[in-house]
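Numbering (this note's numbering), first residue to last: 7 to 132.
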């Protein structure tokens, strides 16, 4: 699930991805791996030597941190921590840890929409 941020004054050239649930986070992880390959960004967010020149727009999907690291413009959300833990183990330095949300109890919704709705509603302000 992707969400584009649009302003009424000027159309920004930035895209924020919203990865929700097991499927969204698994697809999102593969999406970010591919974007890193295409833009010459290593899996820890550093720019590869061959990618320092050129006119590609890394800032559309990534923002550049103060330490020259490229960080995906992405929010990762899941009620069950298993997939998010896998993402964090596979790409430990790529994502901003403040943009990853997993429910503290970690039970997930268990394929029950009502349970997910109730759990999500209780923590939506976090």
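The beta carbon of each residue, even a glycine, is placed where N, CA and C say it ideally should be.
Pull up the CB-CB distance for residue 81 and residue 25, whole angstroms please, since I reckon it's below 8 angstroms. In the chain shown, residue 81 corresponds to position 75, counting from 1. In the chain shown, residue 25 corresponds to position 19, counting from 1. Contact between residue 81 and residue 25 is confirmed by a C-beta separation of about 7 angstroms, below the 8 angstroms threshold.
Kindly list the residues whose CB is nearer than 7 angstroms to the CB of residue 40, restricted to its own chain and excluding five residues on each side of it in sequence; keep chain order. In the chain shown, the residue the question calls residue 40 occupies position 34. Cβ neighbours of residue 40 beyond the five flanking positions: none.
Cβ of residue 56 within 9 angstroms of Cβ of residue 77? Your numbering for residue 56 matches position 50 in the chain shown. Your numbering for residue 77 matches position 71 in the chain shown. Using a Cβ distance threshold of 9 angstroms, residue 56 and residue 77 do not count as a contacting pair.
Following the continuous alpha helix (DSSP H) through residue 32, name the residue where it begins and the one where it ends. Your numbering for residue 32 matches position 26 in the chain shown. From DSSP, the alpha helix (DSSP H) with residue 32 extends over 27 to 45.
List in chain order: all unbroken beta strand (DSSP E) runs of 3+ residues lying wholly within the region 80 to 107. Along the region 80 to 107, the beta strand (DSSP E) occurs as fully enclosed runs of 3 or more residues at 80 to 84, listed in sequence order.
Nearest neighbour of residue 84, chosen from 22, 37, 109, 51 [CA to CA]: Working through the chain shown from its first residue, we reach residue 84 at position 78. Per the C-alpha coordinates, the member of 22, 37, 109, 51 positioned closest to residue 84 is 109.
Is DSSP giving residue 67 helix, strand or coil here? Walking along the chain shown from the start, residue 67 turns up at place 61. Coil, per DSSP.
Residue interval of the beta strand (DSSP E) (run including residue 78): By one-based count along the chain shown, residue 78 stands at place 72. In the DSSP assignment, residue 78 falls within the beta strand (DSSP E) that extends over 76 to 78.
Answer yes or no: do residue 31 and residue 97 have a C-beta to C-beta separation smaller than 9 angstroms? Indexing the chain shown from 1 puts residue 31 at position 25. Indexing the chain shown from 1 puts residue 97 at position 91. In this structure, residue 97 does not lie closer than 9 angstroms to residue 31 by Cβ.
Between residue 62 and residue 19, is the Cβ-Cβ spacing less than 9 angstroms? The residue given as residue 62 occupies position 56 in the chain shown. The residue given as residue 19 occupies position 13 in the chain shown. The Cβ-Cβ distance between residue 62 and residue 19 does not fall below 9 angstroms.
Tell me which residues share the same chain as residue 70 and place their Cβ nearer than 7 angstroms to its Cβ, disregarding the 5 neighbours each side in the sequence. Locating residue 70 in the chain shown gives position 64, counting from the first residue. Excluding positions up to five away in sequence, the list reads 76.
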